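Read left to right, the first sequence gives residues 1483 to 2050 (the working numbering). Glycine is no exception: its CB is placed at the ideal position from the N, C-alpha and C atoms. No experiment lies behind these values; they were computed from the predicted model shown. A quick write-up on the structure given underneath.
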Amino acid sequence: LKYNSIHVLWEEERYTDGSKWRFLEHKGPVFAPPYEPLPGNVKFYYDGKPMKLSALAEEVATFFAKMLDHEYTTKDIFRKNFFKDWRKEMTSEEKSKITDLNKCNFSEMNEYFKAQSEARKQMSKEEKQKIKEENERLLQEYGFCIMDNHKERIGNFRIEPPGLFRGRGDHPKMGMLKRRIRPEDIIINCSKDSKHPKPPPGTKWKEVRHDNKVTWLASWTENIQGSIKYIMLNPSSRIKGEKDWQKYETARRLKKCVDRIRNQYRDDWKSKEMRIRQRAVALYFIDKLALRAGNEKEEGETADTVGCCSLRVEHIKLYPKMDDQEYVVEFDFLGKDSIRYYNKIPVEKRVFKNLQLFLENKQPEDDLFDRLNTSILNKHLQELMDGLTAKVFRTYNASITLQQQLKELTSDDSIPAKILSYNRANRAVAILCNHQRAPPKTFEKSMQNLQTKIDEKQNQLSAARKQLKAAKADHKASHDEKSKKAVEVKRKAVQRIEEQLMKLQVQATDREENKQIALGTSKLNYLDPRISVAWCKKYGIPIEKIYNKTQREKFAWAIDMAEKDYEF
DNA sequence: CAAGTGACTTGCCCTGACCTGG
DNA sequence: CCAGGTCAGGGCAAGTCACTTG
């Protein structure tokens, strides 16, 4: 019954004036719990002597003490930033006394927190249940809002607690104090005719506004980068789902005109104008390698990372010949989240010659594409196709790769084997997008455990086979019904063990191949879920094998829409 | 245009709840 | 029942991109 389906509802409810909702009511955010001073017996020592800290100074000290086991606290920049910000919270007396972080001893505090977390783990079932219930109550009260005619789950209704900023990679601001957010910092967004959220007793909101051109419910400005943080809805909400759907529809429109665009940029490699050649080579990289756009960043404010448009001379090396390949480009740079991108690829001669040209008379730290930035590139893309931006290529190439790989890899085999194929297709996309993860700390061990299980299963199998053989021999000798039955039983047993063994082996392969690759990001953000839904329907795979509960909620629209013949 | 602002998506990591096997 | 392992979900940092401002 299409009448009932989600996208029909969406079509009906879409506003044409850029407004995102008519009615919005919520309870406001949940604030971080207030600071609880340390018990008197837990001491901070300066220069070997115990020292009682003022509440504010103590609170900031505990942030550091909690992280003592972390590598961060050994880093110079982290320590320097922390100490500077900590001193700002000290009384003048403390400030004059505490002048050297190396003389600070937080270990008692650190042990106290460790003991606390240990105690939390040791809590009785009843105590744990009570906490769970309290969390559930908070979720029910603050975790939902009404947007237009729907009750929707809020994504993050808790305000971030104060603490020490941990940037990724070589971040110049690591260790700085993230200050506590108060009601006076919060802007509330809701509709005029709703019941407005109440600030905690004795406090005020910074502002209450009624802006239905945006989707957020509350916002505040954080003090590290001065950027705005938002409270928004959960991915399962209409407003997020609809946007997600649109994203994939844009990518599908790119599919229709990608040949034209590719021909265009290949032509542009020959342009008389440098800026056009640069634009064309950059677009080629974005398309072929799924690189990110690469906005400029403020130097010294963040870690030094780049994307396509911000690549520097030092990030690529050119090899006219390498092994048996010609015109090889070697990329080596830190991308988003300071994840290393390393790749060697052969390119077309024209691209290679252009790159040589771009490199002429430049220093390693100069921009590779000095006549290009993301704004220029996206303006160009917008002219090529309505709604086209650099990141659409990532979405398009990721989704089309999944679809192709599924066609290629799906075997006429058992369900576990099919799921391995799915994971491999997913993995191809993750590799394309360079989605990496740190190998899990328990990786080696868990591989070993799995291997042990496989060995055991193999022993079981040979034992079962022996028994089957014996039973067959027995039957040959006696030819009676009873022995015939015994053979059948043994045969079944062998079959079952074989299946179990196969399952374990598939699992081991999958895990090994996945050691340093993160599948989650592409699954959640780049792969048109309708491709996966269609694949499940086509091969009779239960959707639960591919998407867990949260993912099924996020992709409810796709599960509702896609039939087995869906084509991206 | 350059720089700044705002809104929204994408990304990796950690924690703690849950599950399983001994 | 407990210890150990796994995995979902939360947390929040770091991108993209449109738009405004000078």
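Contacts around residue i, its chain only, beta-carbon distance under 8 angstroms, and the 5 residues preceding and following it disregarded
| i | result |
| --- | --- |
| L1943 | V1976, I1979, E1980, L1983 |
| R1909 | E1995, N1996, I1999, L2001 |
| G1869 | T1732, R1735 |
| K1557 | M1656, G1657 |
| R1947 | V1976 |
| C1915 | A1772, R1876, A1880, T2003, S2004, Y2008 |
| A1968 | A1953, D1956, H1957 |
| Q1864 | L1870, T1871 |
| R1691 | I1669, I1670, N1671 |
Neighbourhood of residue i by C-beta, 6 angstroms cutoff - its chain only, sequence neighbours within 5 removed
| i | result |
| --- | --- |
| N1486 | Annotation note: pLDDT 48 at N1486 (below 50); position unreliable, coordinate value reported separately. Excluding sequence neighbours, N1486 sits near nothing in its chain. |
| D1769 | F1875 |
| E1689 | I1669 |
| G1782 | P1654 |
| V1911 | A1880, T1883, L1884, S2004 |
| Q1930 | none |
| L2006 | none |
| G1645 | F1545, K1660 |
| R1602 | none |
| T1555 | M1549 |
| Y1594 | V1524 |
| A2016 | A2044, K2046, Y2048 |
| I2025 | C2018 |
Identity of the residue in the options nearest residue i by Cα
| i | options | result |
| --- | --- | --- |
| A1543 | C2018, I1559, E1518, E1553 | E1518 |
| L1715 | G1651, K1502, D1806, R1906 | K1502 |
| E1780 | I1821, S1792, L1771 | S1792 |
| N1671 | L1699, E1890, K2031, P1682 | L1699 |
| K1738 | M1867, K1958, W2017, M1629 | M1867 |
| S1709 | I1743, D1667, W1687, R1748 | D1667 |
| D1652 | S1965, S1960, S1820, H1957 | S1820 |
| S1701 | F1588, I1663, K1927 | I1663 |
| T1685 | E1553, A1959, P1665 | P1665 |
| R1720 | D1741, Y1766, G1637 | G1637 |
| I1897 | K1964, V1833, K2020 | K2020 |
| G1522 | P1515, M1533, A1514 | M1533 |
| F1815 | D1806, M1804, C1790, Q1728 | C1790 |
Cutoff 7 angstroms; reference residue i; Cβ partners in own chain excluding five residues on either side
| i | result |
| --- | --- |
| F1639 | P1511, V1512, Y1624, G1625, I1713 |
| G1500 | K1695 |
| R1734 | F2050 |
| I2028 | Y1904, S2014, C2018 |
| E1576 | L1535, S1536, A1539 |
| Q1760 | F1840, F1851, R1853, L1854 |
| E1718 | Looking at the sequence itself, residue 1718 is Ser, so the reference to Glu does not match. If we look at S1718 and ignore the five residues flanking it on each side, its Cβ neighbours are R1635, E2035, K2036, A2038. |
| A1547 | F1588, M1591, N1592, F1595 |
| R1648 | Y1554, M1656 |
| I1559 | P1654, M1656, G1657 |
Cβ distance (whole Å) where residue i is taken to contact residue j below 8 angstroms
| i | j | result |
| --- | --- | --- |
| E1808 | K1826 | In fact, because the Cβ distance is near 13 angstroms, the residues do not count as touching under 8 angstroms. |
| T1787 | K1818 | 6 angstroms |
| I2023 | L1986 | Actually they are not in contact, since the Cβ atoms of I2023 and L1986 sit about 20 angstroms apart, beyond 8 angstroms. |
| K1660 | I1706 | 6 angstroms |
| R1650 | A1785 | 6 angstroms |
| D1630 | R1504 | 6 angstroms |
| E1507 | C1627 | 6 angstroms |
| Y1878 | V1740 | 7 angstroms |
| L1932 | R1993 | 7 angstroms |
| F1526 | F1588 | 7 angstroms |
| L1621 | A1764 | With 8 angstroms as the limit, L1621 and A1764 do not qualify as a contact, their Cβ atoms being about 45 angstroms apart. |
| F1834 | L1888 | F1834 to L1888, Cβ: 33 angstroms. No contact. |
| A1514 | P1643 | 4 angstroms |
inquiry  = Three or more C-beta pairs under 8 angstroms: does that hold for the region 1752 to 1770 against the region 1671 to 1687?
reply    = No, the region 1752 to 1770 is not in contact with the region 1671 to 1687.
ask   = Does the region 1840 to 1848 come within contact of the region 1786 to 1800, defined as at least 3 CB pairs closer than 8 angstroms?
value = Yes, since at least three Cβ pairs between the region 1840 to 1848 and the region 1786 to 1800 fall closer than 8 angstroms, the two stretches touch.
task = Return the chain-ordered ranges of every beta strand (DSSP E) run that is complete within the region 1886 to 1972 and spans a minimum of 3 residues.
result = Counting only runs of 3 or more, we get nothing.
ask   = Which full runs of the alpha helix (DSSP H) of 4+ residues lie inside the region 1712 to 1751, going along the chain?
value = As far as the region 1712 to 1751 is concerned, its whole alpha helix (DSSP H) runs of at least 4 residues are 1720 to 1750.
key: alpha helix (DSSP H) segments (min. 4 residues) lying fully within the region 1579 to 1657   = Taking only runs of at least 4 residues, the alpha helix (DSSP H) segments lying wholly in the region 1579 to 1657 are 1589 to 1604, 1607 to 1624.
key: Inter-stretch contact (C-beta, 8 angstroms, three-pair minimum) for the region 1556 to 1571 and the region 1580 to 1596   = Contact holds: three or more Cβ-Cβ distances are below 8 angstroms.
ask   = Is it true that the region 2034 to 2043 meets the region 1947 to 1962, where meeting means three or more beta-carbon pairs spaced less than 8 angstroms apart?
value = In this structure the region 2034 to 2043 does not touch the region 1947 to 1962; the number of beta carbon pairs closer than 8 angstroms is below three.
Residue ranges of each beta strand (DSSP E) within the region 1513 to 1578, 3 or longer = Counting only runs of 3 or more, we get 1526 to 1528, 1531 to 1533.
query = What are the complete beta strand (DSSP E) segments, minimum 3 residues, inside the region 1654 to 1688?
reply = With a minimum length of 3 residues, the continuous beta strand (DSSP E) runs that stay inside the region 1654 to 1688 are 1669 to 1671.
query = In chain order, which continuous runs of the alpha helix (DSSP H) of length 4 or greater are located wholly inside the region 1820 to 1891?
reply = Fully enclosed alpha helix (DSSP H) runs of 4 or longer: 1831 to 1841, 1856 to 1866, 1872 to 1891.
ask   = What alpha helix (DSSP H) runs, 4 residues minimum, are completely inside the region 1977 to 2018?
value = If we require 4 residues or more, the alpha helix (DSSP H) runs fully inside the region 1977 to 2018 come out as 2002 to 2007.
ask   = Quick one: any contact between the region 1886 to 1900 and the region 1739 to 1746, if contact means 3 or more CB pairs under 8 angstroms?
value = Under the three-pair Cβ rule at 8 angstroms, the region 1886 to 1900 does not count as touching the region 1739 to 1746.
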